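This report refers to the structure that appears directly beneath it.
2 protein chains.
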Amino acid sequence: MANYFSSNFTLGILGGGQLGKMMLYETRKYDIKTAVLDPSAEAPCRIACDSFEQGDLMDFDTVYGFGKKVDLLTFEIENVNVEALKKLESEGKKVYPSSETLQKIQNKGIQKQFYKDHRIPTAAFRVFQNKNLLNEAIVRKELHFPFVWKSCTGGYDGKGVSIVRDAEDIIPLPDVECLAEKLIPFKNELAVIVARSPSGEVKTYPVVEMEFHPEANQVEYVICPARIDEAVAKKAREVAKNVSEAFKHVGLLAVEMFQTNEDEIIVNEVAPRPHNSGHHTIESSYTNQFEQHIRAILDLPLGKTESKVGGIMVNLVGAEGHTGEVVYKNIEKIMAMEGVTPHIYGKKETRPFRKMGHVTIVNEDISKARKIAAEVKKTIHVISKNDQ
Amino acid sequence: MANYFSSNFTLGILGGGQLGKMMLYETRKYDIKTAVLDPSAEAPCRIACDSFEQGDLMDFDTVYGFGKKVDLLTFEIENVNVEALKKLESEGKKVYPSSETLQKIQNKGIQKQFYKDHRIPTAAFRVFQNKNLLNEAIVRKELHFPFVWKSCTGGYDGKGVSIVRDAEDIIPLPDVECLAEKLIPFKNELAVIVARSPSGEVKTYPVVEMEFHPEANQVEYVICPARIDEAVAKKAREVAKNVSEAFKHVGLLAVEMFQTNEDEIIVNEVAPRPHNSGHHTIESSYTNQFEQHIRAILDLPLGKTESKVGGIMVNLVGAEGHTGEVVYKNIEKIMAMEGVTPHIYGKKETRPFRKMGHVTIVNEDISKARKIAAEVKKTIHVISKNDQ
């Protein structure tokens, strides 16, 4: 085992974005050599890895060729060529999470069916191969308004998801394989990150809660620990553990869930990698999610998942009406607030709602952290230089 | 101020070792561009900075030329060409800590005289230009055994320091400018890191304690908070603040002190940079020392210096009798212990007592952390591959 450290072992990472960059801090801490593949010549990982290769993550030959050169392969993004991963695995290369896990997750229809097959609580659903079949089901009264529409592939960050309340809402939907899900009212959107190693060691992080803007229906704060009953938190961690067990994944699995009005926990979807809902762990946890991912895929003992202090994460997104060279207005003011750490993703240009970074607020008292987080949101503005 | 972030500002760092490497994680977090100068082509910073230059840190032209290319200059090592820094400053370049601070610290004779001039408590001393003058003072009975001998320049990590108990002990000492210091019995060796910004904002970290091996007279554990009376801790932070105030330094100042048997605090020496006694802050503090250094030199608000949890740091040094390609025996065992994080410095070869990394142990209960730290020390062995 110990031969990962200061040796010739090379970890390959597919995707060179922000998640990869944060993962690379941890490989540096352990002195683990890294190689990164990303389509962009300006990928954030470029200057933090040992070797960088520019190439298409969906191209079989590129991914296969890259994989051949490394000792173990992981990814920081789901949209990679699964067939190449399969071939690498068949030749004995370690790929964590496995192509099998990834394939089940890449297609939301398959993912939902997987939950059903494994008796994991999730909203009732039906898969449709195209828009026409979806429309037919409505006409035949097999499917009723309202429902949640999801594109089976390609969606992320809320893209590829729509609430369909009437026939009007169907018109703008693209003609793709999709699923229609029962719209279940919920009290809270929760998430639990589970880490699992090849030896089967499993640890869950405390439950986080997404607090939404009262009008804009956008997540404003990711709060850890979630302000929910102990019994509900326990149930959420149990459900997340069951999902992890069903997938038998290796690495991290971020499980997004709803707490219904009846305090049931139902699974929404999962991501097999470090996740936005775990960014707070850098400042709040004994083991941050990136270190935990590295520990898990290298089959090292998992770190303690408890929190040292309460943590809140706020996304830094481009302000409306601002496009161009970015300025973080008042960043020095938020840095003067207690327990506030900005993380800047280094994108040169801002545009409305573009994710430009995040800010973590930590405090022993989560309600105090919540107040400071509100101050942070009010104070910092991601604007363009020309419109200052 | 905000223009450090995602802009064309470049921070120059003299020295590309481990301290620089840990500093670079923080510049990445803030997306600050960096350039590093180091004599070694294999410097740890090489793959973590934006641009790397190989060159002699003591050479005027090299340091001056490097400084001209960056917007602000700092260092992670004291042995750099001060004249070059002076010239850069005279031309308007920001250098933090300043050449003035560095010059006072580089020579221990000047440093001690500075404490005397500023009424900072320190052991009585005399400076000698060479070994002959030191011997004369002993012959004339102006200097009495025992005393502490220190080389005025070039000493670090305990090198260049000797306890002289009799004439025999003088023989091996080199013929250099030196000082003789009164040997004062002490209860504890303590340290406080002070951060100070150009605007004069000052914050002190909690007091740390060095626990020595009962026989080997080597620091075994750096413990935060120090297990001392609240009144003594308060005094130590006050003294450290006074030292900081006297230097009017910018950046970090690590102040090493003794707690005498009479509970007096006397200053031993200082380092104007991130320091071994602050490594635990990565895991234990609201703001780690490297982030704090960056905040300070960029005149950003200083971060909170309190601890989230208790922290203990153990150095990872090469085992006796082992030279060659390094193996971290049982590293996976210490990683299974609660709250344990190894930091591996990436040196390929081990040799007896070489600093190869450090391990941090954090826990809410410092006495529990201390027990785990003892387990860590007992368990991990930095050995060579051939002698396994």
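Order-wise, the sequence lines are chains Y and H.
Counting from 1, position 347 in the first sequence corresponds to residue 347 in the working numbering; the numbering is continuous, with no gaps.
Counting from 1, position 371 in the second sequence corresponds to residue 759 in the working numbering; the numbering is continuous, with no gaps.
Backbone N, C-alpha and C define an ideal beta-carbon position, used for all residues, glycine too.
Keep in mind the model is a prediction, meaning the values are calculated, not measured.
Check, Outcome
"Nearest-angstrom Cα separation, counted from F678/H out to M410/H", "7 Å"
"Within chain Y, partners of P689/H - CB distance below 7 Å", "E332, M335 and A336"
"Closest residue to H731/H among D753/H, V705/H, Y452/H and E597/H (Cα-Cα distance)", "V705/H"
"Whole-Å CB distance - A180/Y paired with L133/Y, under 8 Å assumed", "10 Å between Cβ atoms; not a contact."
"Of the residues V255/Y, A226/Y and G251/Y, the one placed nearest V239/Y, counting alpha carbons only", "V255/Y"
"CB contact check: K696/H to chain Y, cutoff 7 Å", "yes"
"H769/H in three-state terms, based on DSSP", "strand"
"Interfacial residues, the segment 13–37 of chain Y to chain H, with Cβ spacing under 8 Å", "K21, Y25, R28, K29, Y30 and D31"
"Distance between I760/H and M389/H (C-alpha atoms, nearest Å)", "Per-residue confidence for M389/H stands at a pLDDT of 47, beneath the threshold of 50, marking its modelled position as unreliable; no derived number is given."
"Residue span of the alpha helix (DSSP H) that contains E479/H, given as start and end", "From DSSP, E479/H is part of no alpha helix (DSSP H); its letter is neither H nor E."
"I265/Y, DSSP secondary structure in three states", "strand"
"Delimiting residues of the alpha helix (DSSP H) encompassing E524/H", "K519 to V527"
"When N79/Y, S244/Y, P198/Y and V250/Y are compared against V267/Y, the one with the closest alpha-carbon", "S244/Y"
"C-beta contact flag for K696/H and K308/Y at 7 Å", "yes"
"Segments of 3+ residues assigned as beta strand (DSSP E) that fall wholly inside the segment 287–341 of chain Y", "310–317 and 324–329"
"Test item: CB-CB of Y452/H and V638/H under 7 Å", "no"
"Pair within 7 Å by beta-carbon distance, K108/Y and C45/Y", "no"
"First through last residue of the alpha helix (DSSP H) which encompasses K116/Y", "K108 to D117"
"Residues bridged to V362/Y (per DSSP)", "G311/Y"
"Same chain, Cβ closer than 6 Å to T669/H, neighbours up to 5 away in sequence not counted", "N676 and Q677"
"Test: G318/Y CB closer than 7 Å to a CB of chain H", "no"
"Cutoff 8 Å; reference Q494/H; Cβ partners in own chain excluding five residues on either side", "E466, N467, V470 and T541"
"Near-chain Y residues of the segment 758–774 of chain H (beta-carbon distance less than 8 Å), N- to C-terminal order", "none"
"Within chain Y, partners of I435/H - CB distance below 8 Å", "I47, A48, C49 and D50"
"Straight-line Cα distance separating A233/Y from S367/Y", "18 Å"
"Candidates P594/H, H601/H and T711/H, of which the one nearest G699/H by Cα", "P594/H"
"Range covered by the beta strand (DSSP E) that runs through S151/Y", "F147 to S151"
"Segments assigned alpha helix (DSSP H), at least 4 residues, entirely inside the segment 544–589 of chain H", "555–558"
"Exposure label - V139/Y; buried when at least 16 CB within 10 Å", "exposed"
"Between the CA atoms of A604/H and T711/H - distance to the nearest angstrom", "21 Å"
"Contact set for K475/H: own chain, Cβ-Cβ below 7 Å, skip 5 residues either direction", "Y452"
"Three-state secondary structure assigned by DSSP to S285/Y", "strand"
"Interface partners of K692/H on chain Y, CB under 7 Å", "E338 and G339"
"Residues within the segment 210–231 of chain Y neighbouring chain H, beta-carbon criterion of under 9 Å", "none"
"Chain H residues whose Cβ lies nearer than 8 Å to that of V362/Y", "Y674 and K696"
"Cβ-based burial, R507/H [other Cβ within 10 Å; buried from 16]", "exposed"
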